[in-house]
Amino acid sequence: MRDVMLKSGYSTRNHKYWRSRGVKGPKPWPLIGNLYQVFLKPRCVFGLHNYKTYGKIYGYFDGNKPVLSVAEPELIRDILVKDFHKFVDRVGISLGHPIFERSLLTARGDVWKQIRTIVSPTFSSGKMRKMQILIKDCVERVDNKLETLANSDNNEIDIKKVFVNYTMDVIALCAFATKLQSHSGVEEHPFIHNASQFFRPTVRFGLFFILNQLMPSIVKKYDISFLPKHYINYFKTTLETIITERQSQKGSKNVDFLQLLIDAQNRTDTKDIDEDIRLEVQRISESMKKKGFQLQDMDILA
Numbered sequence: 000m001r002d003v004m005l006k007s008g009y010s011t012r013n014h015k016y017w018r019s020r021g022v023k024g025p026k027p028w029p030l031i032g033n034l035y036q037v038f039l040k041p042r043c044v045f046g047l048h049n050y051k052t053y054g055k056i057y058g059y060f061d062g063n064k065p066v067l068s069v070a071e072p073e074l075i076r077d078i079l080v081k082d083f084h085k086f087v088d089r090v091g092i093s094l095g096h097p098i099f100e101r102s103l104l105t106a107r108g109d110v111w112k113q114i115r116t117i118v119s120p121t122f123s124s125g126k127m128r129k130m131q132i133l134i135k136d137c138v139e140r141v142d143n144k145l146e147t148l149a150n151s152d153n154n155e156i157d158i159k160k161v162f163v164n165y166t167m168d169v170i171a172l173c174a175f176a177t178k179l180q181s182h183s184g185v186e187e188h189p190f191i192h193n194a195s196q197f198f199r200p201t202v203r204f205g206l207f208f209i210l211n212q213l214m215p216s217i218v219k220k221y222d223i224s225f226l227p228k229h230y231i232n233y234f235k236t237t238l239e240t241i242i243t244e245r246q247s248q249k250g251s252k253n254v255d256f257l258q259l260l261i262d263a264q265n266r267t268d269t270k271d272i273d274e275d276i277r278l279e280v281q282r283i284s285e286s287m288k289k290k291g292f293q294l295q296d297m298d299i300l301a
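Following numbering that gives the first Met the number 0, the numbering of the sequence shown begins with 0 at its first residue and continues without gaps.
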């Protein structure tokens with residue numbers, strides 16, 4: 000009986016965290032917290048429901064880990080810009096492959112801040128506008144495809160497939176300056192086949208998500224990945240080839256995200272960055288200059 004009580008106490012040891020601080024939120028379950036709600040519905044639906052129920056700021060639990068959700072625009076701006084340097088780190092996420100440890104989405108600590116500082120100017124409004132013509136090209140192609148389908152004898156249109164292909168076209172063209180021609184009707188491009196695995200819900204991903212939330216040390220120890228390694232290795236090999244070719248070409252005229260990252264490897268100024276993120280970049284830059292950090296090929300791959 001004592002063991003049962005101890006285990007029960009351990010599985011709910013943090014579940015009074017938000018209540019003791021006067022923060023509203025959904026009631027957690029032992030051990031899994033509010034993860035059961037995420038299993039039953041998409042996280043975006045889970046977030047919207049809680050937003051409507053508890054307000055713009057509420058607390059919930061990933062397992063025993065307390066999480067604060069913020070939907071107040073001014074506060075979000077303070078967190079991500081003005082007071083960004085006061086937040087010690089971000090949520091640790093393991094995707095089960097070494098390359099993701101250097102990703103802007105998953106890196107932690109100084110590595111994350113260093114990469115963010117160098118990459119931030121890449122997201123200036125001027126740089127993003129350069130990609131507008133690429134997106135417009137993809138829109139025109141999907142528009143032509145829909146018109147062709149509408150004028151055909153086929154009474155049914157797989158609209159999901161049409162827009163999945165459109166999304167892949169935009170990603171490939173804006174990220175790597177690669178035209179997939181996914182609407183041409185030819186055999187599926189290897190890029191589409193491999194990239195679609197990242198967005199396709201599978202039992203493997205579901206089990207990985209649960210294990211990663213409850214026992215992240217097991218995921219790391221046994222090198223468990225959310226995807227079979229050959230899908231990840233396809234992009235690793237493809238990108239390594241493209242990066243090598245780009246770096247050997249002086250003054251590349253490509254206008255895509257990959258080229259912007261390659262250019263960022265040697266950039267030290269922030270003259271082209273938007274004002275709303277300039278202060279954050281400069282603040283972190285000063286603390287990182289002494290460490291001589293430079294964006295590496297592995298960071299670009301991630």
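The C-beta atom is built at its ideal place from N, Cα and C for all residues, glycine as well.
- Message: Please report the straight-line C-alpha distance between residue 202 and residue 223, rounded to a whole angstrom.
- Response: 14 Å
* Asked: With 16 as the cutoff for other CB atoms within 10 Å, does residue 44 come out buried or exposed?
  -> exposed
(request) Pull up the distance between the alpha-carbon of residue 15 and that of residue 112, whole angstroms please. (result) 32 Å
Measure the alpha-carbon distance for residue 60 versus residue 159 and round it to whole angstroms. 33 Å
Exercise. Which partner residues does residue 28 have in the DSSP bridge list?
Worked result: 32
Notebook entry, point to check: residue 168 and residue 140: beta carbons closer than 8 Å?
Noted result: yes
If the criterion is Cβ atoms closer than 8 Å, does the pair residue 149 and residue 255 meet it?
no
| message | So, under 8 Å CB-CB, residue 46 and residue 68 are touching, yes? Tell me the CB distance rounded to an integer number of Å. | response | 7 Å
query = So, helix, strand or coil for residue 67, using DSSP?
reply = strand
- Task: Could you check which residue in 80, 178, 218 has the C-alpha nearest to that of residue 354?
- Result: The displayed coordinates of the chain run from 0 to 301. Any statement about residue 354 would go beyond what the structure contains.
Which first and last residues belong to the beta strand (DSSP E) in which residue 60 is found? 56 to 61
Next item on the list: Kindly indicate which residue of 56, 41, 124 has the alpha-carbon position closest to the one of residue 72.
Entry: 56
Problem set entry | Nearest residue (CA-CA) to residue 63, options 107, 33, 22, 244 | 33
| Helix, strand or coil at residue 149 [DSSP, three-state] | helix
Handout entry: Three-state secondary structure assigned by DSSP to residue 86
Key = coil
*asked:* Under DSSP, the alpha helix (DSSP H) around residue 236 begins and ends at which residues?
replied: 228 to 247
Q. Are the beta-carbon atoms belonging to residue 238 and residue 197 less than 8 Å from one another?
A. no
### Query
How about residue 106 and residue 114: do their beta carbons lie closer than 8 Å?
yes
Run the CB neighbour count on residue 322, radius 10 Å, all protein chains shown included, and call it buried at 16 or more, exposed below.
As displayed, the chain neither begins before 0 nor continues past 301, which places residue 322 out of reach and without an answer.
### Task
Report back the beta-carbon spacing between residue 36 and residue 25 to the nearest angstrom; my notes put them in contact at under 8 Å.
7 Å
Q. Does the beta-carbon of residue 241 have 16 or more other beta-carbons within 10 angstroms, so that it is buried, or is it exposed?
A. buried
task = Over the uninterrupted alpha helix (DSSP H) stretch that includes residue 158, give me the two end residues.
result = 158 to 175
query = Using CA coordinates, which residue listed in 194, 126, 247 is at the minimum distance from residue 228?
reply = 194
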